[in-house]
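Q:
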Amino acid sequence: MPVYFDNNATTRVDPQVLEAMLPYLSGPHGNASSLHRFGRMARDAVEAARLKVAALVGAQAAEVLWTSGGTESNNLALKGCTAGLKPTRVLYGATEHPAVMEAAESLGDSGWQVEAVAVDQRGVLDWPAFERQLAQGPLRLVSLMRANNETGVIQDIARAAPLVHAAGALLHVDAVQAAGKIPVDFVELGADLMSLSSHKLYGPKGIGALIVGGDVDLAPLHHGGAQERGRRGGTENVAAIVGFGRAAELAVQELGARAAQVQTLRDRLEAGLRAWPRVRIFADGVERIANTVQFGLDGYDGEALLMQLDRKGFAVSSGSACASGKGEPSHVLLGMGIARDIAKGAVRVSFGQDNTAEEVDQFLEVLRTFAAGAA
Amino acid sequence: MIYLDHAATTPLDRRVRDAMLPWLDDVDGYGNPASDHALGRRARQAVEQARVQVAALLGAQADEIIFTSGATEANNLALKGALEFRGLQGAHVVTSRIEHKSVLDTCRYLETLGARVSYLTPNAGGVIDAEQVMAALRPDTALVSLMWVNNETGVINPVEQLAPQLRARGVLFHVDAVQAAGRLPIRLDQLPIDLLSVSAHKCYGPKGIGALFVRKRPRARLSPQIHGGGHEQGMRSGTLATHQIVGMGAAFELAAVAQIEDGVRAAPLRDRLWHALQRLPQSQRNGDPARVVPQLLNLSFEGAEGESLRALLPQLAVSSGSACSSATREPSYVLRALGRDDELASSSLRFSLGRATSLAEIDTAAVQVSMAVLRLRALSPLWDEATGAVAVDATALRAEDNVFGYPVPVWQRFSHTAHAGRLPQAPGSFSAQVGSPAARSMLRVDLHLGRSGIETARFQAYGCPVTIAVGEWLAARLQGQSLQDFQVPDAVEIRAALEIGDDKSHCALMGEDVVRALWQQSRQYHEH
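For the record, the sequence lines run as chains G and F.
This note's numbering puts the first residue of the first sequence at 1, with every later residue one more than the last.
This note's numbering puts the first residue of the second sequence at 376, with every later residue one more than the last.
1) Evaluate contact between the segment 295-302 of chain G and the segment 339-347 of chain G, counting only Cβ atoms and requiring at least three cross-stretch pairs below 8 Å.
2) Of all Cβ atoms in chain G, is any one closer than 8 Å to the Cβ of F:ASP393?
3) Any Cβ of chain G within less than 8 Å of the Cβ of F:SER612?
4) Is there a C-beta anywhere in chain F that falls below 8 Å from the one on G:VAL238?
5) Step through the CB atoms of chain G and report whether any lies within less than 8 Å of the CB of F:VAL889.
6) Less than 8 Å between CB atoms is the rule here; does G:SER195 satisfy it with respect to chain A?
7) Which of the three DSSP states is assigned to G:ILE211 in this structure?
8) Does chain G have any CB closer than 8 Å to the CB of F:GLN619?
9) State the start and end residues of the unbroken alpha helix (DSSP H) segment that holds F:ASP400.
10) Please classify G:TRP276: is it buried, with 16 or more other beta-carbons within 10 angstroms of its beta-carbon, or exposed?
11) Quick check: what's the CA-CA separation for F:CYS699 versus G:THR235?
12) With a threshold of 7 Å on Cβ separation, who are the neighbours of F:ALA883 within its own chain once the five nearest residues in sequence on each side are excluded?
13) What is the rounded straight-line gap between the Cα of G:LEU189 and the Cα of G:ARG122?
14) Residue ranges of each alpha helix (DSSP H) run of no fewer than 4 residues wholly in the segment 635-688 of chain F, ordered along the chain?
15) Between the alpha carbons of F:LEU822 and F:ASP860, how many angstroms are there, rounded?
16) Would DSSP call F:ARG392 helix, strand or coil?
17) Return the bridge partner residues of F:THR831 from the DSSP annotation.
18) Under 7 Å Cβ-Cβ, which residues of chain G neighbour F:HIS367?
19) Is it the case that the segment 439-459 of chain F contacts the segment 480-489 of chain F, given that we only count it when at least three CB pairs across the two stretches are under 8 Å?
20) Can you have a look at F:THR732 and say buried or exposed, based on whether 16 or more other CB atoms are within 10 angstroms of its CB?
21) Please list the terminal residues of the continuous alpha helix (DSSP H) segment that includes G:ALA94.
22) Please state the DSSP three-state secondary structure of F:PHE548.
23) On the premise that G:VAL46 lies in contact with G:VAL212, defined as a C-beta separation below 8 Å, what is that separation, rounded to the nearest angstrom?
24) Is it the case that the segment 103-116 of chain G contacts the segment 216-231 of chain G, given that we only count it when at least three CB pairs across the two stretches are under 8 Å?
25) Which first and last residues belong to the alpha helix (DSSP H) in which G:MET21 is found?
26) Do G:VAL376 and G:GLY335 have their CB atoms nearer than 8 Å?
27) To test your reading of the DSSP string, which unbroken alpha helix (DSSP H) runs of 4 or more residues are found completely within the segment 149-214 of chain G?
28) To the nearest angstrom, how far is the alpha carbon of F:LEU518 from that of F:THR614?
29) Whose C-alpha, out of F:ARG594, F:GLN608, F:PRO593, is nearest the C-alpha of F:GLN600?
30) Do you know offhand how far G:LEU269's Cα is from G:PHE351's?
31) Going by beta-carbon coordinates alone, are F:SER897 and F:LEU824 separated by less than 8 Å?
32) With the cut-off set at 8 Å, would you say F:ALA449 and F:GLU439 are in Cβ contact?
33) Given this structure, state the Cα-to-Cα distance separating G:GLN133 from G:VAL117, to the nearest angstrom.
34) Does any residue of chain F have a CB that is nearer than 8 Å to the CB of G:ASP301?
35) Which one of F:THR528, F:HIS549, F:LEU772, F:GLU527 has the shortest CA to CA distance from F:VAL534?
36) Cα separation between F:GLY696 and F:SER477?
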């Protein structure tokens with residue numbers, strides 16, 4: 001039974017979420033767009049879930065658009081607000097998820113000028129540079145993440161929003177890692193679009209949402225069918241939508257308790273790491289989500305460490321699961337000015353509700369053994 | 376409830392569900408398939424096994440299968456991806472008017488980007504001929520997209536005949552095989568199709584997962600439509616939903632074993648349903664019977680409007696067209712492409728049988744549909760003229776049968792039409808009729824005046840339940856009225872009495888129009 005410290009990559013499905021899904025995996029099986037009784041039951045379930053996901057981020061139900069996950073949400077946001085327009089500029093944070101970066105960069109093919117916004121060495125937006133970029137001519141969209149998936153750094157979105165709007169642009173917020181970990185309020189943050197994913201908050205994989213503010217004009221990514229008011233074609237994934245709804249509801253109820261629990265574990269881990277020379281905790285000292293620590297070991301082979309941890313049954317990550325298997329160091333750490341060799345051996349620990357203090361102690365013990373062996 | 380809507384979605388097979396559950400509730404089943412640790416590898420292995428299962432049903436290689444969130448996404452990826460890769464401007468595409476909305480809407484979108492699209496019209500049997508496709512090719516044709524089996528009629532298009540011809544011409548061939556997979560044998564190792572879309576939930580698998588086959592040799596090249604992370608060989612990014620992919624794999628593996636037997640079982644049941652409903656005069660079968668998959672039967676019942684027909688069949692889950700377009704309740708564009716007029720297109724029902732459909736269900740469905748058709752025809756002013764009234768025992772429907780949620784006053788009148796009928800021509804009798812068959816809405820009211828006022832009132836209606844309810848309400852409201860203090864009921868009163876919403880306000884206006892016409896006539900009568 002492995003120790004799972006990779007909850008930013010994906011979380012287990014909460015048993016209460018699964019329980020909510022089961023009737024839709026066995027009983028009524030309507031296509032939610034069909035008009036007959038089964039179809040209507042499916043439709044009602046989809047709409048009830050929409051209310052719950054809206055409540056998670058303080059949005060209106062009508063602003064919730066279902067997608068197949070965070071990646072599609074990010075793609076829909078960036079491409080949907082730029083499609084068919086005369087190309088101007090799009091900005092995104094240098095530490096964004098690959099789905100935002102690559103979707104943004106793909107806009108270059110249709111004539112958009114796409115620029116990254118630098119972060120400082122702590123992973124925080126470089127505000128003076130950002131404000132200069134905002135002032136450099138017509139701008140359609142700025143995409144910033146609320147919480148970073150690797151370092152856990154929380155960006156001050158509420159500070160960015162008025163600046164973005166003053167520049168005449170829309171603000172898209174990737175809240176995939178933030179939702180369910182810290183309070184996220186669509187209106188208070190001043191977002192125009194916001195991406196959410198179910199499987200980062202104990203819901204099923206394969207379902208996400210894009211919150212689209214009432215006055216945002218969005219072109220579809222998938223054409224065909226009148227689902228989601230013509231903005232996202234395809235038969236609704238009813239069971240997964242119901243699961244996401246239940247997961248969102250639980251996240252609202254348990255937010256404080258969950259954060260407090262993982263905070264204890266993170267404090268314990270960080271205390272252990274700090275006692276050890278040559279450990280560097282990235283984004284140390286800035287506001288981060290409570291479950292995430294990313295660190296590097298100066299002078300050790302980080303990749304060997306990751307393999308060792310895997311062999312010992314610890315599921316951790318070097319960075320984004322979406323970028324793993326490529327052998328490339330994390331763009332997040334490189335963006336923060338971390339040297340390539342250190343970035344390459346970075347370890348990300350992301351705690352979840354099932355983790356215990358004993359697991360943290362075991363983890364520290366394995367690290368100590370490794371260090372002793374490598375020294 | 377009898378479920379005959381398997382072309383819209385199928386129930387999840389219990390064995391598929393059992394295969395999925397470990398990836399939702401096991402302690403080590405939830406890893407991200409992209410993660411480089413034990414849990415991630417375990418999920419990845421499950422995904423790869425499912426990829427082999429999906430490929431096997433199609434006669435493809437596992438690395439030719441790209442998982443998507445469903446067939447809509449697969450169709451979008453195939454068309455946009457192929458054209459984007461080759462350069463859109465001026466590229467010519469051949470498709471048909473009877474494709475699924477996800478192909479048609481994508482083609483319309485591609486047109487806005489500079490592509491040119493030819494939309495072929497099927498013959499009266501619903502078939503797109505191979506010759507027709509070849510004749511539509513131009514030197515600049517980049518892509519042909521054709522569905523293997525139509526979702527509304529079940530008609531099989533000659534893609535097997537077309538594929539080698541298109542390959543010889545060097546034209547990329549995309550096939551929407553959503554309705555074909557699990558119903559027809561598909562051998563992509565023998566058939567030079569370049570891109571092929573499939574869906575799990577039409578095949579007893581879960582919703583929210585589909586796949587696009589992308590041929591490796593010769594390689595069909597696509598530009599990705601969802602960026603980020605480079606999953607699925609860079610063609611489709613996003614965390615793979617392990618449980619759904621495993622479910623699709625299990626469903627396709629089952630289909631490989633069951634598809635022949637499923638067809639052999641369905642054909643006689645489908646034929647039995649057709650023989651039973653054929654006894655209704657003027658029912659027409661849509662789609663060439665010799666070319667239809669065994670699970671499907673699409674019929675038009677002249678004189679029975681589709682929405683009312685569905686409303687009278689609360690225990691029967693059938694579709695009156697593609698589920699994807701019924702939200703707009705327009706008559707089926709597929710049937711119109713086959714040459715059916717609006718009236719016949721909107722009086723159609725699609726019966727799609729499944730693995731568990733029983734003989735008893737078919738017989739019950741046949742009786743229920745026959746009763747409903749006869750009942751609506753008896754109410755129709757058109758039908759009466761054509762054939763003479765058919766007497767039907769119009770048993771009152773119960774409140775709980777109102778499954779489509781009509782306003783209660785509408786449902787009460789629609790389900791119990793005590794004032795239906797015509798009055799004989801006689802002095803003091805008046806009759807007025809508004810609407811037209813093409814508008815799919817007609818209302819006729821007959822009155823007989825006596826000394827003190829309106830002695831008798833009767834109505835006939837062809838149209839949705841609200842139109843019929845307006846007729847019934849009007850006849851009841853008019854009968855027994857004295858002419859001295861007569862107030863013509865207007866649309867506002869009708870809407871208020873029947874709680875008719877904005878979307879059906881035209882039905883109330885028809886009511887007002889027919890009363891005005893009657894009032895005119897009766898005043899002329901009194902002046903003489």
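Yeah, the Cβ is synthetic: ideal placement off N, Cα and C, and Gly gets one too.
Being a predicted model, the structure only gives us computed values, none of them experimental.
A: Let me lay it out:
1) yes
2) In the second sequence, the residue the question calls residue 393 of chain F occupies position 18. It does not; no Cβ of chain G falls within 8 Å.
3) Position 237 of the second sequence holds residue 612 of chain F. Cβ-Cβ to chain G under 8 Å: yes for F:SER612.
4) Mapped onto the first sequence, residue 238 of chain G falls at position 238. So yes, G:VAL238 belongs to the interface.
5) The residue given as residue 889 of chain F occupies position 514 in the second sequence. For F:VAL889, the answer is no, since every Cβ of chain G falls outside 8 Å of its Cβ.
6) In the structure shown, chain A cannot be found, because the protein chains are G and F.
7) Position 211 of the first sequence holds residue 211 of chain G. Of the three classes helix, strand and coil, the one that applies to G:ILE211 here is strand, per DSSP.
8) The residue you call residue 619 of chain F lines up with position 244 of the second sequence. By the rule that beta-carbons nearer than 8 Å mark a contact, F:GLN619 touches chain G.
9) Here residue 400 of chain F is taken as the residue at index 25 of the second sequence, counted from 1. Segment 397-400, the alpha helix (DSSP H) holding F:ASP400.
10) Your numbering for residue 276 of chain G matches position 276 in the first sequence. Per the 10 Å Cβ criterion, exposed.
11) One-based indexing of the second sequence puts residue 699 of chain F at position 324. One-based indexing of the first sequence puts residue 235 of chain G at position 235. In this prediction, F:CYS699 scores a pLDDT of 38, lower than 50, which makes its location untrustworthy; the coordinate-derived value is nonetheless stated afterwards. Each residue's Cα considered, the two are about 8 Å apart.
12) Looking up residue 883 of chain F in the second sequence gives position 508. Same-chain partners within the cutoff: VAL845, ALA866, ILE869, ARG870, ILE875.
13) Within the first sequence, numbered from 1, the residue matching residue 189 of chain G stands at position 189. Within the first sequence, numbered from 1, the residue matching residue 122 of chain G stands at position 122. Spanning the two alpha carbons is a distance of roughly 22 Å.
14) 681-686
15) Mapped onto the second sequence, residue 822 of chain F falls at position 447. Mapped onto the second sequence, residue 860 of chain F falls at position 485. Going by the C-alpha atoms only, they are around 17 Å apart.
16) Translated into the one-based positions of the second sequence, residue 392 of chain F becomes position 17. Looking at F:ARG392 - three-state DSSP - the assignment turns out to be helix.
17) Taking the first residue of the second sequence as 1, we reach residue 831 of chain F at position 456. F:HIS823.
18) With chain F represented from 376 up to 903, any question about residue 367 of chain F goes unanswered, as that position is not in the structure.
19) yes
20) What you label residue 732 of chain F is simply residue 357 of the second sequence in a count that begins at 1. Classification for F:THR732: buried.
21) Counted from its first residue, the first sequence places residue 94 of chain G at position 94. Run containing G:ALA94: none; DSSP gives neither H nor E here.
22) Taking the first residue of the second sequence as position 1, residue 548 of chain F is located at position 173. It is a strand residue.
23) In the first sequence, residue 212 of chain G corresponds to position 212, counting from 1. In the first sequence, residue 46 of chain G corresponds to position 46, counting from 1. The Cβ separation is near 17 Å, so there is no contact.
24) no
25) Here the question's residue 21 of chain G lines up with position 21 in the first sequence. Segment 15-26, the alpha helix (DSSP H) holding G:MET21.
26) In the structure as shown, chain G begins at 1 and stops at 375. Residue 376 of chain G is therefore absent and cannot be evaluated.
27) Counting whole runs of 4 or more residues, the segment 149-214 of chain G contains the alpha helix (DSSP H) stretches 157-166, 186-189.
28) Stepping through the second sequence from its first residue, residue 518 of chain F is reached at position 143. Stepping through the second sequence from its first residue, residue 614 of chain F is reached at position 239. In a straight line, the C-alpha of F:LEU518 is about 30 Å away from that of F:THR614.
29) Looking up residue 600 of chain F in the second sequence gives position 225. Comparing Cα-Cα distances from F:GLN600 to each of F:ARG594, F:GLN608, F:PRO593, the minimum goes to F:GLN608.
30) If you number the first sequence from 1, residue 269 of chain G lands on position 269. If you number the first sequence from 1, residue 351 of chain G lands on position 351. If I take the Cα positions, the gap works out to 10 Å.
31) Position 522 of the second sequence, counted from the start, is the residue given in the question as residue 897 of chain F. Position 449 of the second sequence, counted from the start, is the residue given in the question as residue 824 of chain F. In this structure, F:LEU824 lies closer than 8 Å to F:SER897 by Cβ.
32) Counted from its first residue, the second sequence places residue 449 of chain F at position 74. Counted from its first residue, the second sequence places residue 439 of chain F at position 64. For F:ALA449 and F:GLU439, no; Cβs fall outside 8 Å.
33) Here residue 133 of chain G is taken as the residue at index 133 of the first sequence, counted from 1. Here residue 117 of chain G is taken as the residue at index 117 of the first sequence, counted from 1. Answer to the nearest angstrom: the Cα atoms are 8 Å apart.
34) Taking the first sequence and counting its residues from 1, one reaches residue 301 of chain G at position 301. False, the Cβ-Cβ gap to chain F never drops below 8 Å.
35) Counted from its first residue, the second sequence places residue 534 of chain F at position 159. Per the Cα distances, F:HIS549.
36) Here residue 696 of chain F corresponds to residue number 321 of the second sequence, with the count starting at 1. Here residue 477 of chain F corresponds to residue number 102 of the second sequence, with the count starting at 1. Unreliable positioning characterises F:GLY696 in this predicted model, as indicated by a pLDDT of 49, which lies under 50. The coordinate reading is nonetheless provided below. Each residue's Cα considered, the two are about 15 Å apart.
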